[in-house]
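Trainee:
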Amino acid sequence: MSKTDLASPAPPYHDLIGIRLTEWRDGYACVVCDADARHHNRSGIVHGGVILSLLDQAAAFAGLWCSVPGNIRKAVTIDLDCRFTGQVSEGELRAEGKVVSRGRNIFFARTEVFDAAGKMVAFGASTHRWRAGSETVEGSPAG
1 MSKTDLASPA PPYHDLIGIR LTEWRDGYAC VVCDADARHH NRSGIVHGGV ILSLLDQAAA
61 FAGLWCSVPG NIRKAVTIDL DCRFTGQVSE GELRAEGKVV SRGRNIFFAR TEVFDAAGKM
121 VAFGASTHRW RAGSETVEGS PAG
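Numbering (full-length UniProt numbering) for the sequence shown: 1 to 143.
(1) Identify every run of the alpha helix (DSSP H) within the UniProt domain "Thioesterase" (44-120), keeping only runs that are complete inside it and at least 4 residues long; order them along the chain.
(2) Measuring CB to CB, does Ile19 end up less than 8 Å from Cys33?
(3) Check whether the region 121-132 touches the region 85-99, taking contact to mean three or more Cβ pairs, one atom from each stretch, closer than 8 Å.
(4) With a CB to CB cut of under 8 Å and the five nearest residues on each side skipped, what residues in its chain are close to His47?
(5) Would the region 131-140 count as touching the region 112-119 if we require 3 or more Cβ pairs under 8 Å?
(6) To the nearest angstrom, how far is it from the Cα of Thr111 to the Cα of Gly70?
(7) Check Ala122 in the structure and name its three-state DSSP category.
(8) Could you tell me the alpha carbon to alpha carbon distance between Asn105 and Glu135, rounded to whole angstroms?
(9) Measuring only the C-alpha atoms, how far is Phe61 from Glu92?
Right, here's the structure in full:
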């Protein structure tokens, strides 16, 4: 991948879909994808699964920011809800995920996906569970 992804190393799925993590701080993450014909469904528009992937990745990363360089945090998605509000054929898609509530082991996020013109094409809510050792912003050593 030619563009930098803030998650280092980038998850392999990011490379497969073309997702880049472009902004990341505690409780917030922004991921982008340059949509083109590779991402189309049979109707010639971006497949809903690509948009769901952006929703899921932005939401999860919003809860996975780590304050200790070199450490990481991990989570699993346990619920993901999406509403499609538009369609897009090509161009940059941007998903912004925000943590809205967090407990000891679970966090909840809201995410919106925008096309290159800034029009919302989807929004969603999700629930994630931190993996053992990932409950605090310090995370744990990678590996």
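In this text, a Cβ means the ideal position worked out from N, Cα and C, and glycines have one as well.
Mentor: Taking the coordinates as given:
(1) Segments of the alpha helix (DSSP H) lying fully in the UniProt domain "Thioesterase" (44-120): 48-62.
(2) For Ile19 and Cys33, yes; Cβs fall inside 8 Å.
(3) Three or more pairs of CB atoms, one per stretch, sit closer than 8 Å, so the region 121-132 contacts the region 85-99.
(4) Counting only Cβ-Cβ distances below 8 Å, and skipping sequence neighbours, we find His39, His40, Asn41.
(5) The region 131-140, when compared against the region 112-119, does not touch it at the 8 Å Cβ threshold.
(6) Roughly 26 Å separates the two Cα atoms.
(7) DSSP, read as helix, strand or coil, puts Ala122 in strand.
(8) Approximately 6 Å, taken between the alpha carbons.
(9) One C-alpha to the other measures close to 19 Å.
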